[in-house]
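Residue numbers (the numbering used here), protein chains in the order written: chain A, 1 to 482; chain B, 1 to 100. We put the beta carbon where it would ideally sit given N, CA and C, even for glycine.
Shown next, in the form of structure tokens:
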């Protein structure tokens with residue numbers, strides 16, 4: 001059996017977080033009552049004229065800066081003509097052969113993925129198929145809501161430089177991080193503000209040609225993107241191995257069933273007869289607009305991770321988790337800025353604090369424990385006042401109530417016992433009280449010894465309400481049990 | 001070059017525009033479209049070396065508006081103009097294919 005490699009290109013649609021739509025002043029809002037955010041322009045009523053939203057251009061230029069795109073001196077809009085009720089005009093205004101951003105790239109784990117283009121276009125309305133279980137072909141009719149029609153999108157099209165589902169996920173994850181960092185979209189795949197289509201083909205390893213590509217749609221999470229691509233690669237290899245030809249088609253991913261299915265589309269319907277949109281003049285970004293965009297691009301995720309690792313000694317994996325959660329990363333940055341060691345800050349932030357945020361649905365800005373409070377807690381562990389175990393209890397209380405760690409320690413009398421004589425007395429008492437365990441420890445093999453020692457240690461902690469200095473207890477046990 | 005549009009070309013274009021043409025109409029429109037294309041060929045006959053295609057005749061760029069909300073239309077008024085509405089939405093006949 002020949003070895004195959006996958007050749008994958010991704011088309012990502014991102015809804016921009018503007019206040020209004022692309023060509024009219026209707027609110028760009030998710031979840032409004034159907035057809036309440038509409039006007040003559042986005043409904044395509046005769047005589048209405050679109051005017052481009054300045055902020056969309058600003059966001060597109062920001063994206064251009066962040067992802068190393070060339071920005072041609074002029075870009076124009078086209079009409080993409082098709083008959084489908086999701087657009088009331090029977091065309092979608094999009095950019096075609098003169099997009100605002102061309103030939104950019106992103107680096108994914110050391111590999112440069114080239115990006116062919118990024119262009120502005122308007123989103124379509126939402127159709128719901130009534131009857132027939134909601135399936136388009138069995139429906140009796142459909143209902144259309146044009147609130148989303150005209151919402152600004154950027155479509156970002158990669159070159160076919162991606163070779164695996166894993167890499168595709170990493171690309172989308174990085175792209176999401178960049179878009180979030182530059183503040184142009186809230187990039188929620190689950191809510192549809194970021195939609196990813198994958199073009200997948202296979203070829204024998206070592207050959208340069210491109211196989212017939214199949215487009216896979218409808219993935220609504222990173223996980224489903226990965227699954228859909230893996231499924232498509234396996235499907236194509238199986239087809240080729242059994243002597244079938246791959247047919248160029250569009251397939252819809254069914255996450256629940258874990259399979260994709262060919263989508264019926266009308267023969268020849270993808271002849272869109274693009275022509276320049278006569279109602280919109282070219283966009284010619286000035287030097288000033290480009291400089292503003294450049295100034296608006298903050299530290300990007302890759303640079304942020306590098307800084308956390310190189311300057312603050314944060315582990316690679318922790319840096320990744322932090323940077324994927326920008327608000328948490330900002331929180332951690334502040335804790336580090338007041339002097340807490342980066343490694344400790346990252347540990348707490350990616351462990352207990354992230355766990356609490358996920359569980360409570362809160363965002364870091366509203367935590368009762370300010371970043372310098374976390375630094376205080378870390379200080380209490382470092383100077384031996386708190387064991388790591390008690391520090392967790394203190395943190396838990398500080399995450400729920402507006403109290404400083406030192407205050408909780410004082411109120412609950414939690415300060416760690418580090419007095420050697422006092423601990424030695426307790427250790428001795430515990431050893432006497434658990435003579436059986438001590439005996440088993442002495443005669444046991446390695447496994448038994450580990451177990452019994454853990455038990456005895458636990459008894460000491462218990463006898464001190466977990467306030468004993470763990471390192472000292474270990475040392476005392478070493479001396480007495482050897 | 002003055003290639004006459006074939007029947008297939010005309011039928012294809014008619015189909016894209018969702019027009020049902022009779023045999024006579026295909027013939028007649030084919031002739032008319034050919035004349036239009038021939039006129040475009042006159043332009044193509046000129047020496048256009050170094051002249052970028054014109055997307056817009058106006059000497060204008062960057063007509064932009066601020067990202068500010070403007071009044072929207074009243075939904076009942078909007079839906080009253082539609083051939084059919086249901087549940088606050090436009091009601092359309094059964095759709096025969098997936099979104100393009």
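In this structure, residue 172/A lies near residue 194/A, with their beta-carbon atoms less than 9 angstroms apart.
One thing to note: residue 327/A has its Cβ within 9 angstroms of the Cβ of residue 365/A. Within chain B, the residues placing a beta-carbon under 7 angstroms from that of residue 83/A are 18, ordered along the chain. Sequence-distant partners of residue 4/A (beyond 5 residues in either direction) whose C-beta falls short of 7 angstroms from its own C-beta, in its chain, are 202, 203, 204, 205, 237.
Of all C-beta pairs linking the segment 12-23 of chain A to the segment 115-126 of chain A, three or more are shorter than 8 angstroms, placing the two stretches in contact.
Not one beta carbon of chain A lies nearer than 9 angstroms to the beta carbon of residue 50/B. For the segment 9-40 of chain A, the residues whose beta carbon sits under 8 angstroms from a beta carbon of chain B are, in order, 18, 19, 20, 24, 25, 26, 27, 33, 34, 35, 36, 37, 38, 39, 40. Judged by pairs of C-beta atoms under 8 angstroms, the segment 77-97 of chain B touches the segment 33-43 of chain A, as three or more such pairs exist. With 16 or more other Cβ atoms inside 10 Å of its own Cβ, residue 94/A counts as buried. In this structure the segment 64-75 of chain B touches the segment 44-54 of chain A; the number of beta carbon pairs closer than 8 angstroms is three or more. Residue burial is scored here from C-beta neighbours: residue 391/A has at least 16 other C-beta atoms within 10 angstroms and is therefore classed as buried.
Taking a Cβ-Cβ threshold of 7 angstroms, the residues of chain A close to residue 67/B are 18, 19, 20, 53, 54, 55, in chain order. Where residue 252/A is concerned, the enclosing beta strand (DSSP E) starts and stops at 250-254. For the segment 139-158 of chain A, the residues whose beta carbon sits under 9 angstroms from a beta carbon of chain B are, in order, 139, 140, 141, 142, 143, 144, 145, 146.
Contacts with chain A at 9 angstroms (Cβ-Cβ) include residue 86/B. For residue 66/A, the CB contacts under 8 angstroms within the same chain, skipping 5 residues up- and downstream, are 178, 181, 182, 297, 300 in chain order. When the alpha-carbon of residue 84/A is set against those of 106/A, 149/A, 98/A, 57/A, the nearest one is in 149/A. Selection 77/A, 144/A, 104/A, 63/A evaluated against residue 90/B yields 144/A as nearest (Cα-Cα). In the DSSP assignment, residue 217/A falls within the beta strand (DSSP E) that extends over 214-219. For the pair residue 39/A and residue 71/B, the CB atoms are nearer than the 9 angstroms cut-off. Taking the Cα of residue 351/A as reference, the smallest distance to any Cα among 243/A, 383/A, 471/A, 388/A is reached at 388/A. Scanning its chain for C-beta atoms nearer than 6 angstroms, with the 5 sequence neighbours on each side dropped, one finds around residue 30/B the residues 5, 10, in chain order. Annotation for residue 144/A: the continuous beta strand (DSSP E) segment containing it runs 141-145. From the listed residues 436/A, 243/A, 279/A, the smallest Cα separation to residue 46/A is found for 279/A. Residue 199/A sits buried, since 16 or more C-beta atoms from the chains shown fall within 10 Å of its C-beta.
Going by DSSP, residue 171/A is part of the alpha helix (DSSP H) stretching over 165-181.
Neighbours of residue 79/B in chain A, taken as residues at a C-beta separation under 9 angstroms, are given in chain order as 35.
CA-to-CA, the gap between residue 133/A and residue 75/B works out to about 28 angstroms. Between residue 167/A and residue 113/A, the C-beta gap is smaller than 9 angstroms, which places the two residues in contact.
Within 7 angstroms of the CB of residue 72/B, the CB atoms of chain A belong to 26, 36, 37, 38, 39, in sequence order along the chain. At a cut-off of 4 residues, the continuous stretches assigned as alpha helix (DSSP H) that sit fully inside the segment 375-412 of chain A are 388-400, 405-412. Secondary structure of residue 449/A (DSSP, three-state): helix.
Relative to the Cα of residue 69/A, the nearest Cα in the group 92/A, 106/A, 80/A belongs to 106/A. In this structure, the CA atom of residue 231/A is about 27 angstroms from the CA atom of residue 117/A. DSSP, reduced to helix, strand and coil, places residue 360/A within a helical segment of the structure shown.
Around the beta carbon of residue 15/A, a 10 Å sphere encloses 16 or more other beta carbons of the protein chains shown; the residue is thus reported as buried.
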